[in-house]
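Asks:
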Amino acid sequence: MKIGINKAHFPVTVLGPGRRIGIWLQGCSIRCKGCVSQDTWERDPGREMSVAQLMSWCRRVAGTDFFGVTISGGEPFDQPKALGALLDALDQWRESAGLDFDILCYSGYPLATLEKRHSRLLQKLDALIPEPYVDALPLTHRWRGSANQSLVTLSGRGRARYAGFVDAPADASTKCLQTMVDGDRVWYVGIPGRGDMPALEAACAERGVRFDDVSWRS
Ligand code: SF4
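Here the sequence shown is numbered in my numbering, starting from 15 and rising by one per residue.
#1: Report all residues for which the CB-ligand distance to some heavy atom of ligand 1 is below 6 Å; order them along the chain.
#2: Does DSSP classify E62 as helix, strand or coil?
#3: I think V166 touches P144, with their Cβ atoms under 8 Å apart; what is that distance to the nearest whole Å?
#4: My understanding is that S64 touches K16, with C-beta atoms under 8 Å, so please give their C-beta distance in whole angstroms.
#5: Which same chain residues, not among the five before or five after S232, have their C-beta less than 7 Å away from its C-beta?
#6: DSSP three-state label for R134, please.
#7: Is it the case that the Cβ atoms of C42 and G82 are separated by a distance below 8 Å?
#8: DSSP state of K16, grouped into three classes?
#9: Helix or strand or just coil, what does DSSP make of R199?
#10: May I have the straight-line CA-CA distance separating K189 from L29, to the nearest angstrom?
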C-alpha cells in the first residue's frame, strides 16, 4: 500500500506527550485560511512510499525508546485506505514488540464527519484532534491551533494519557517550535501563535537570512 508523505521526523516533542514519531501526510483538500503548512496541500505522487518502507524507517529511528506516534498533515483522512494500512501496521508493531506507544492523529474534518465516514479508522486511534483551523479564533489550548479544536480520547490508553490534557491551556511553556535543518530546507514543527511565522521571517531577514519559499504563504 502506498502512502503520500510530506515528511517524517523523530523525536517530535511538541505535538503530544513525550518523545514521538511524527508523520505528516501529503495532500489536503480542506485548505483552511491561514494554514501554515501549505506545502502539504497538493497531492504529489513523487512523495509516495510504501507503508512497509515507512514502518521500517519508524523501527530504525525510534527503536523502543519513544512514547507515541503523531500523524498530521496535510489531511490524513484524505488517504483513508493508506491511513488504515499505516494504523494497522503500527498496531501490529506495538503488539508484536510489546510496546505501549499511543497514536494521536490530527484532522481538519469535523468530529461528526469523521464519526460518520471513518468510524473504523477512529477505532484504531488513541486520541484525535479534529476540526478545521480557524484563523479568526485564538490559540487557547495545548497542541491545538484554534479554540474550536478539541482533544478527543478514543481508547483506554488514550483516556489514561490524554484526559489531563483535554482542557490544558496553551501557555508560554507549551508554545514551542522545534527546528530541523535538512540541506537547504528548514522545518518548523509545532503550533505557532498568530503572526509568529512572519515575525520569524522578518527577524531572520534583519540578520541577513532570507527564505526563498515559505509554507505559511501561497
Ligand atoms: S490546517 Fe490542516 S486541515 Fe487545515 S488546510 Fe492546513 S493542513 Fe489542511
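Note that the Cβ used here is the ideal one computed from N, Cα and C, for glycine as well.
Just so it is clear, the structure is predicted and the values come from calculations on it, not from any experiment.
Replies: Taking the geometry as given:
#1: C42, I44, R45, C46, C49, S51, T54, G87, G88, E89, G122, P146, Y147
#2: Position 48 of the sequence shown, counting from 1, holds the residue named residue 62. Strand, per DSSP.
#3: The residue given as residue 166 occupies position 152 in the sequence shown. The residue given as residue 144 occupies position 130 in the sequence shown. Between P144 and V166 the Cβ distance is about 7 Å, and since that is below 8 Å, they are a contact.
#4: Taking the sequence shown and counting its residues from 1, the one referred to as residue 64 is at position 50. Taking the sequence shown and counting its residues from 1, the one referred to as residue 16 is at position 2. Confirmed, about 6 Å.
#5: Counting from one through the sequence shown, the residue named residue 232 turns up at place 218. Here the set comprises Q52.
#6: Residue mapping note: residue 134 aligns to position 120 of the sequence shown, counting from 1. Helix, per DSSP.
#7: By 1-based counting over the sequence shown, the position of residue 42 is 28. By 1-based counting over the sequence shown, the position of residue 82 is 68. For C42 and G82, no; Cβs fall outside 8 Å.
#8: Stepping through the sequence shown from its first residue, residue 16 is reached at position 2. Three-state result, K16: strand.
#9: By one-based count along the sequence shown, residue 199 stands at place 185. Of the three classes helix, strand and coil, the one that applies to R199 here is strand, per DSSP.
#10: Position 175 of the sequence shown, counted from the start, is the residue given in the question as residue 189. Position 15 of the sequence shown, counted from the start, is the residue given in the question as residue 29. Those two C-alpha atoms are separated by around 10 Å.
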